[in-house]
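These notes concern the structure reproduced below.
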Amino acid sequence: MRRADFPDRKGWETAFAKTKTGSGKFKYDKIVLARRSVFDFDVYIDPCALLKHLKDKTPRCFHFCFQTGNTTAFLGASPERLYRRSEDHIETEAVAGTSARGASREEEAALEQELLSCSKNALEHRYVVDAIQAALNELCSEVQADPKARLVKLEGGQHLVTRFAGTLRGKVSDDQIVARLHPTPAVAGCPRDEALTAISDMEPFSRGWYAGPVGYVGYGQSEFAVAIRSALVNHDKLSLYAGAGIVEGSTAEGEWREIETKIGNFIDVFNKKG
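Counting in numbering that gives the first Met the number 0, the sequence shown runs from 0 upward without gaps.
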């Protein structure tokens with residue numbers, strides 16, 4: 000029935016402007032600003048039904064749902080693994096840099112090449128790769144990484160991804176792993192503390208569970224994803240969360256469009272079920 004964005008378009012422009020000095024110089028290496036889009040419905044929302052339709056739409060994602068009531072829940076379809084541990088073996092990945100998918104084979108090929116050759120996306124991705132590499136160097140006795148970024152294709156978008164694998168040092172706990180890996184520059188920025196302080200100041204909402212670690216810890220193994228592309232269900236209201244990585248060369252218009260791409264799978268579910 001209704002949609003409201005926080006920040007709205009004008010507020011987004013204002014927040015984006017705060018990432019630069021008065022002379023136009025970018026203040027950070029990278030900062031990730033998010034948006035909360037609230038949709039009002041004329042019926043209560045069934046979280047499990049919504050997750051099922053979302054899962055059908057996003058087959059190659061991590062799906063989760065924490066349901067606190069019949070019509071209250073936090074759910075999502077995240078493309079980003081925080082890490083997976085099996086005994087002392089750990090796998091993780093850097094996912095940053097986004098573009099849309101093409102409507103034809105020719106358009107798809109052009110968008111692939113544009114994403115792979117875009118200096119802005121390469122820079123955004125590099126900050127995440129470097130941060131994960133540094134974290135794993137502390138946690139692991141041995142680390143392997145893809146020599147260069149590759150593409151991962153999802154419904155509604157494609158991303159740059161670099162995968163890592165390592166052997167954990169003795170007595171490294173999951174608590175230590177989560178604390179060292181999260182939040183990556185893919186959801187916060189770098190320098191991390193400066194970015195987190197600025198995010199609290201610039202975003203007109205509380206992130207809550209958005210972008211947090213979601214998963215499980217077991218005796219022999221554990222796995223966590225990052226709760227991006229997520230939504231909070233509150234009876235007849237649905238709040239969608241998504242963010243965009245801002246680096247030197249980013250534009251307010253381009254990052255706004257990127258967030259629209261990221262929440263597109265949810266909106267497609269509404270359109271088909273509406």
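Think of the CB as a built atom: it goes at the ideal place given N, C-alpha and C, for glycine as much as any other residue.
(request) Count the other CB atoms, across all protein chains shown, that sit within 10 Å of the CB of MET201; report buried if there are 16 or more and exposed otherwise. (result) Under this definition MET201 is a buried residue.
(request) Tell me whether PRO203 is buried or exposed, calling it buried when 16 or more other Cβ atoms sit within 10 Å of its Cβ. (result) Under this definition PRO203 is an exposed residue.
(message) Counting C-beta neighbours from all protein chains within 10 Å, is the total for VAL94 16 or more, i.e. buried, or is it exposed?
(response) Counting Cβ neighbours within 10 Å, VAL94 comes out buried, since at least 16 surround it.
(request) Give every residue of the same chain whose Cβ lies closer than 6 Å to the Cβ of CYS189, excluding the five residues on either side of it in the sequence, and list them in chain order. (result) Once the five neighbours on either side are set aside, the close Cβ partners of CYS189 are ASP28, LYS29, TYR126.
(request) Would you tell me roughly how many angstroms separate the C-alpha atoms of ARG2 and LEU239, rounded to the nearest one? (result) Taking the straight line joining both Cα atoms gives about 11 Å.
(request) Locate the beta strand (DSSP E) running through VAL31, then write down its first and last residues. (result) Counting along the chain, the beta strand (DSSP E) containing VAL31 begins and ends at 29-39.
(message) Quick check: the Cα distance between LYS272 and VAL42, rounded to an integer number of angstroms?
(response) Bear in mind that the predicted position of LYS272 carries a pLDDT of just 49, short of 50, making it too unreliable to give a figure here.
(message) Short of 7 Å in beta carbon distance, which residues of its chain neighbour ALA17, apart from the five on each side in sequence? Order them along the chain.
(response) The residue asked about is misnamed: residue 17 is Lys in this sequence, not Ala. Contacts found: MET201.
(request) In the DSSP assignment, find the beta strand (DSSP E) that holds GLU222 and state where it starts and stops. (result) Unbroken beta strand (DSSP E) run through GLU222: 220-225.
(message) Please list the terminal residues of the continuous beta strand (DSSP E) segment that includes TYR82.
(response) For TYR82, the enclosing beta strand (DSSP E) covers residues 80-85.
(request) Please state whether DSSP places VAL42 in a helix, a strand or coil. (result) Here DSSP, grouped into helix, strand and coil, assigns VAL42 to coil.
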